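**Student:** One structure is given below, represented as structure tokens, and several questions about it will come after.
2 protein chains.
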Amino acid sequence: MTHILENPKNSKFMELAISLAKKGMGYTAPNPCVGAVITKGNTILGQGYHRRCGEDHAEVAAIKDAISKGHDLKDSTLWVTLEPCNHYGKTPPCTHAILKHNIKEVNIGTLDPNPNVKGGGAEFLKSKGVIVDIGFNEIQCKNLIRDFITWHKKKRPYIFLKLAQSLDGKIATENGDSKWISSQKSREFVHNLRAKVDCILIGGNTFFNDNPKLTPRIEANEKKDPFAAIITSRLPGSDSEYYLINSRPKKTIFITTESDYEKIKGLQKKGVKIIHTEKKNGYINLYQVLSKLFSDLNCYYILCEGGGRLAQSLVKNKLADEIFLFIAPIILGDDRAKSSFSGNTVAKIKDGYKFDIIDYRKIDTDLLIHLIPKGDI
Amino acid sequence: MTHILENPKNSKFMELAISLAKKGMGYTAPNPCVGAVITKGNTILGQGYHRRCGEDHAEVAAIKDAISKGHDLKDSTLWVTLEPCNHYGKTPPCTHAILKHNIKEVNIGTLDPNPNVKGGGAEFLKSKGVIVDIGFNEIQCKNLIRDFITWHKKKRPYIFLKLAQSLDGKIATENGDSKWISSQKSREFVHNLRAKVDCILIGGNTFFNDNPKLTPRIEANEKKDPFAAIITSRLPGSDSEYYLINSRPKKTIFITTESDYEKIKGLQKKGVKIIHTEKKNGYINLYQVLSKLFSDLNCYYILCEGGGRLAQSLVKNKLADEIFLFIAPIILGDDRAKSSFSGNTVAKIKDGYKFDIIDYRKIDTDLLIHLIPKGDI
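Residue numbers (my numbering), protein chains in the order written: chain P, 1 to 377; chain A, 1001 to 1377.
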């Protein structure tokens, strides 16, 4: 009996292009992150990635890299995670650069999902005699642009959810002690994530109990100064001593159902932003307020740092695009301790929310599980 | 500045010996599991492991294997996970076999922790001119005999705790639905574990709600027929239709505080065993009843399959020697669902029970985390 083996079309060059693309992740919006490698036989001539909107696309960056090293690109192969663009945006079409340098073959990770572009670049290159092959390391390449797809198709920010829990799913003791469940290295990972997002989202309890700073406390050449958005039914007084409203008022946003005009005015006077919202059937429309952060404040990436009720609301509303779940090797064993996800009711196991584990690894003593909604690639 | 690098004394031959030892795990009691490899230069001459009590020790099995292949053992090297014995038990001392075959060098994983033996075999071999080196892959070799150390030092069974939970630490919904949190392959793993233990331990709720069989349902040349022990405050009637008391009465043990003489008599008449115990300050003495299973019924290995209160009691009483925690990629998000560990009260995170992750891997869609108590090697 013969088995027909699936050919997943994996290439080490595409893997390199993917790792290059990831370097730009967080900084390219509204563009996707893209990586590119140029080879001849087994030799790498050049490599590049899209660093930020307005700068060179990955293909052009790789071409420039190869030329700066004195290589002739005639008959070379370009490996690019996303289909090259074929239109004039802030930069000229990559397809032109490919043709100009006589690149012979273009191997593409995945096609551009943007309806304006779909098939455009690849088809155009083929029509000009370039050998085009599509679908190398395709799942990983599609994963790279999940953010981009979310912006275009859902018109909302791409949302990371981060939680640090015990083995038995607790994020704090009954009286709120949570320092520290996760290891120093896990917390560093989170600060790196904070440096790539435009807004950090928390619930009111986290704001009032922890009085957090929510800044990316890392050394980095490139880091953002994210907004802090707090979803809360009650506002603090403008004269209260919370760090965010005193030290980072212009970076603080309250998403609230409270309509105390005096409080709102006081906070706004300090520079704090207020997004007023209404409850409907006991719930606020999370999609609506998050879309507002996207459209009005250019929040392309949001990192939600809990607590459990907000985390569960995101999951329930299909707004948790990626979950980073840090599991510390401790057991609390206390039913009254606070759960990582809370506020839901399920009768059957099969009614739970399903995810795919896309990565898992030790970070110091913790285990980090990286998840995306099941089948959502 | 120079760094003094730790030399962990790892060897691929000791790794092989360790994997051989694991083949015997579960079947060697009251002996430890041991693996051995004989080499000359980079060539493996023979290998073996201790299969069960009364049969060849690993060293002798490896020597016989090498001889059966026509090798001369003069000037060879023996790699053995545990210090060779130097006393007459059910088999002659391994040290004699080593000397008889002129093995030149003996590399040992870890010394025998048994006070009767400590230093004996290694010292004796040295005194006879054999080159002895100790501490190869030592942590793993020590891990291999954690069961053996438990039997000797704690006079109780070695206890595995297995739980299958959602990402947020739930083992069942509020109304008890738990079929199935974990994947088919994870459940097969558990059946393999069942085949190596002498007793499977559950709580009364699991018995009454799930009416379990608790048999190892796998195809295997070698498998045990473990007892089912139920810790419960109430006994079922002897005429009730639970699987265990009807189909496997002689393999069923109730550990109970109930003293209804008629019920006890009825169950005993069927062949069911009853271990009566008392509560003290609201708790039964778990150590005491588990020691009884060890001393009276030769239960060397116990596998506890929950629920959450029993799991937490084992952890609290330092009776969970190894935890196999299966995490399925689902979120229930329901505070009323049943937790994997329950019944404890902790004020501070630092008061939680601490573990070391010794292994973690995907099993189908689940993640299996393998833990031992922190620092407990």
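In this text, a Cβ means the ideal position worked out from N, Cα and C, and glycines have one as well. Remember, it's a predicted structure, so these values are computed and weren't measured experimentally.
Taking buried to mean at least 16 other C-beta atoms within 10 Å of its own C-beta, is P:Gly308 buried or exposed?
**Tutor:** Taking the first sequence and counting its residues from 1, one reaches residue 308 of chain P at position 308. The residue in question, P:Gly308, is buried, as its Cβ has 16 or more Cβ neighbours within 10 Å.
**Student:** When we look at the beta-carbon of A:Ile1131 and count the other beta-carbons within 10 Å, is it buried (16 or more) or exposed?
**Tutor:** Here residue 1131 of chain A corresponds to residue number 131 of the second sequence, with the count starting at 1. Exposed.
**Student:** Would you decide whether A:Pro1329 is buried or exposed? Buried here means 16 or more other CB atoms lie within 10 Å of its CB.
**Tutor:** Indexing the second sequence from 1 puts residue 1329 of chain A at position 329. Buried is the call here.
**Student:** Using 8 Å as the Cβ pair cut-off and three pairs as the minimum, do the region 155-162 of chain P and the region 127-143 of chain P touch?
**Tutor:** no
**Student:** In or out: P:Asn175 buried (at least 16 other Cβ within 10 Å) or exposed?
**Tutor:** Walking along the first sequence from the start, residue 175 of chain P turns up at place 175. Residue environment for P:Asn175: exposed (fewer than 16 other C-beta atoms within 10 angstroms of its C-beta).
**Student:** Tell me, please, which residues DSSP counts as bridged to A:His1370.
**Tutor:** Indexing the second sequence from 1 puts residue 1370 of chain A at position 370. DSSP, once it has assigned bridges, lists A:Phe1324 and A:Asp1359 as partnering A:His1370.
**Student:** Just how far apart, CA to CA, sit A:Pro1093 and A:Asp1321?
**Tutor:** As a first step, residue 1093 of chain A is located in the second sequence; it is residue number 93 there, counting from the start. As a first step, residue 1321 of chain A is located in the second sequence; it is residue number 321 there, counting from the start. Cα to Cα, the separation comes out at about 30 Å.
**Student:** Sort out for me which residues DSSP pairs A:Phe1160 with in a bridge.
**Tutor:** Counted from its first residue, the second sequence places residue 1160 of chain A at position 160. Per DSSP, A:Leu1303 and A:Glu1322.
**Student:** Cα-Cα, which of P:Gly306, P:Glu15, P:Val289 and P:Asn298 is closest to P:Asn143?
**Tutor:** For this step, residue 143 of chain P is matched to residue 143 along the first sequence. If we check each option's Cα against that of P:Asn143, P:Glu15 comes out closest.
**Student:** Which one of A:Leu1111, A:Cys1053, A:Pro1113 and A:Val1289 has the shortest CA to CA distance from A:Asn1317?
**Tutor:** Translated into positions along the second sequence, residue 1317 of chain A becomes position 317. Looking from the CA of A:Asn1317, the closest CA among A:Leu1111, A:Cys1053, A:Pro1113 and A:Val1289 belongs to A:Val1289.
**Student:** Any idea what DSSP makes of P:Leu267, helix, strand or coil?
**Tutor:** Within the first sequence, the letter at position 267 stands for residue 267 of chain P. Reduced to three states, the DSSP call for P:Leu267 is helix.
**Student:** Taking beta-carbon pairs under 9 Å, can you tell me which members of the region 356-371 of chain P lie near chain A?
**Tutor:** Asp356, Ile357, Tyr360, Arg361, Lys362, Thr365, Asp366, Leu367, Ile369 and Leu371
**Student:** Just the C-alpha distance for A:Ser1342 and P:Leu167, rounded to the nearest angstrom, thanks.
**Tutor:** The residue given as residue 1342 of chain A occupies position 342 in the second sequence. The residue given as residue 167 of chain P occupies position 167 in the first sequence. A:Ser1342 and P:Leu167: Cα-Cα distance of roughly 12 Å.
**Student:** Could you list which residues in chain P have their beta carbon closer than 8 Å to that of A:Ala1337, in chain order?
**Tutor:** One-based indexing of the second sequence puts residue 1337 of chain A at position 337. The CB of A:Ala1337 comes closer than 8 Å to the CB of Val346 in chain P, given here in chain order.
**Student:** Do A:Ser1178 and A:Ile1363 have their C-beta atoms closer together than 8 Å?
**Tutor:** Locating residue 1178 of chain A in the second sequence gives position 178, counting from the first residue. Locating residue 1363 of chain A in the second sequence gives position 363, counting from the first residue. No, these two residues do not count as a Cβ contact at 8 Å.
**Student:** What residues from chain A crowd round P:Leu325, counting only those whose CB sits closer than 8 Å?
**Tutor:** Residue 325 of chain P sits at position 325 when you count from the first residue of the first sequence. The contacting residues are Leu1167.
**Student:** Would A:Asp1334 and P:Asn344 qualify as a contact pair, given that the criterion is a beta-carbon distance under 8 Å?
**Tutor:** The count along the second sequence starts at 1 and reaches residue 1334 of chain A at position 334. The count along the first sequence starts at 1 and reaches residue 344 of chain P at position 344. A contact, by the Cβ cut-off of 8 Å.
**Student:** In chain A, what lies closer than 8 Å to P:Asn175 by C-beta?
**Tutor:** Along the first sequence, read from residue 1 onward, the residue named residue 175 of chain P stands at position 175. Result: Ala1347.
**Student:** Going by beta-carbon coordinates alone, are P:Ala36 and P:Glu59 separated by less than 8 Å?
**Tutor:** Against the first sequence, residue 36 of chain P aligns to sequence position 36. Against the first sequence, residue 59 of chain P aligns to sequence position 59. A contact, by the Cβ cut-off of 8 Å.
**Student:** Taking 6 Å as the limit between beta carbons, can you name the residues of its chain near P:Pro113, skipping five residues before and five after?
**Tutor:** Stepping through the first sequence from its first residue, residue 113 of chain P is reached at position 113. The beta carbon of P:Pro113 lies closer than 6 Å to those of Ile149 in the same chain, with the five residues before and after it left out.
**Student:** From the DSSP output, in three-state form, read off P:Lys379 for me.
**Tutor:** The displayed coordinates of chain P run from 1 to 377. Any statement about residue 379 of chain P would go beyond what the structure contains.
**Student:** DSSP on A:Ile1253, reduced to helix/strand/coil?
**Tutor:** Residue mapping note: residue 1253 of chain A aligns to position 253 of the second sequence, counting from 1. Of the three classes helix, strand and coil, the one that applies to A:Ile1253 here is strand, per DSSP.
**Student:** Note down, in chain order, each residue of its chain lying with its Cβ closer than 6 Å to the Cβ of P:Lys273, except the 5 sequence neighbours on either side.
**Tutor:** As a working mapping, residue 273 of chain P is identified with position 273 in the first sequence. For P:Lys273, where only same-chain residues beyond five positions count, the Cβ hits under 6 Å are Ile253.
**Student:** Using a Cβ-Cβ cutoff of 9 Å, what residues of the region 130-155 of chain P are near chain A? List them in chain order.
**Tutor:** none
**Student:** Write down the C-beta distance between P:Lys104 and P:Thr81 rounded to the nearest angstrom, noting that I regard them as a contact closer than 8 Å.
**Tutor:** The sequence position of residue 104 of chain P within the first sequence is 104, counting from 1. The sequence position of residue 81 of chain P within the first sequence is 81, counting from 1. The pair is not a contact, with the Cβ atoms about 19 Å apart (cut-off 8 Å).
**Student:** Using the rule of at least 16 other Cβ atoms within 10 Å of the residue's Cβ for burial, across every protein chain shown, is P:Trp79 buried or exposed?
**Tutor:** Residue 79 of chain P sits at position 79 when you count from the first residue of the first sequence. So P:Trp79 ends up on the buried side.
**Student:** Nearest-angstrom Cα distance between P:Arg156 and P:Ser240?
**Tutor:** By one-based count along the first sequence, residue 156 of chain P stands at place 156. By one-based count along the first sequence, residue 240 of chain P stands at place 240. So the alpha carbons of these two residues sit roughly 32 Å apart.
**Student:** Report the neighbours of A:Ser1127 on chain P: residues whose CB is nearer than 8 Å to its CB, in chain order.
**Tutor:** What you label residue 1127 of chain A is simply residue 127 of the second sequence in a count that begins at 1. Correct list: empty, because the minimum Cβ distance to chain P is about 43 Å.
**Student:** Does the region 201-221 of chain P come within contact of the region 1193-1209 of chain A, defined as at least 3 CB pairs closer than 8 Å?
**Tutor:** Contact between the region 201-221 of chain P and the region 1193-1209 of chain A is absent: fewer than three C-beta pairs spanning the two stretches fall below 8 Å.
**Student:** Could you tell me which residues DSSP pairs with P:Ser166 in its beta bridges?
**Tutor:** As a first step, residue 166 of chain P is located in the first sequence; it is residue number 166 there, counting from the start. Per DSSP, P:Ala328.
**Student:** Nearest by alpha-carbon distance to P:Lys348: which of A:Ala1172, A:Ile1218 and A:His1370 is it?
**Tutor:** Numbered from its first residue, the first sequence carries residue 348 of chain P at position 348. Answer by Cα proximity: A:Ala1172.
**Student:** Compare the C-beta of P:Pro212 against all C-beta atoms of chain A and say whether one is closer than 8 Å.
**Tutor:** The residue given as residue 212 of chain P occupies position 212 in the first sequence. No, its Cβ sits nowhere closer than 8 Å to a Cβ of chain A.
**Student:** Between which residues of its own chain and A:Pro1236 is the CB-CB distance below 7 Å, once the five residues before and five after are set aside?
**Tutor:** As a first step, residue 1236 of chain A is located in the second sequence; it is residue number 236 there, counting from the start. For A:Pro1236, where only same-chain residues beyond five positions count, the Cβ hits under 7 Å are Tyr1242 and Ile1245.
**Student:** DSSP on P:Cys199, reduced to helix/strand/coil?
**Tutor:** Numbered from its first residue, the first sequence carries residue 199 of chain P at position 199. The answer is strand: DSSP assigns P:Cys199 an E or B state.
**Student:** Note down, in chain order, all residues in the region 305-329 of chain P with a beta-carbon under 7 Å from any beta-carbon belonging to chain A.
**Tutor:** Gln312, Val315, Leu325 and Pro329
**Student:** Measuring straight from C-alpha to C-alpha, what distance separates P:Lys27 and P:Cys53?
**Tutor:** Walking along the first sequence from the start, residue 27 of chain P turns up at place 27. Walking along the first sequence from the start, residue 53 of chain P turns up at place 53. Here the sequence assigns Tyr to residue 27 of chain P, which means Lys is not the residue at that position. For P:Tyr27 and P:Cys53, the distance between alpha carbons rounds to 8 Å.
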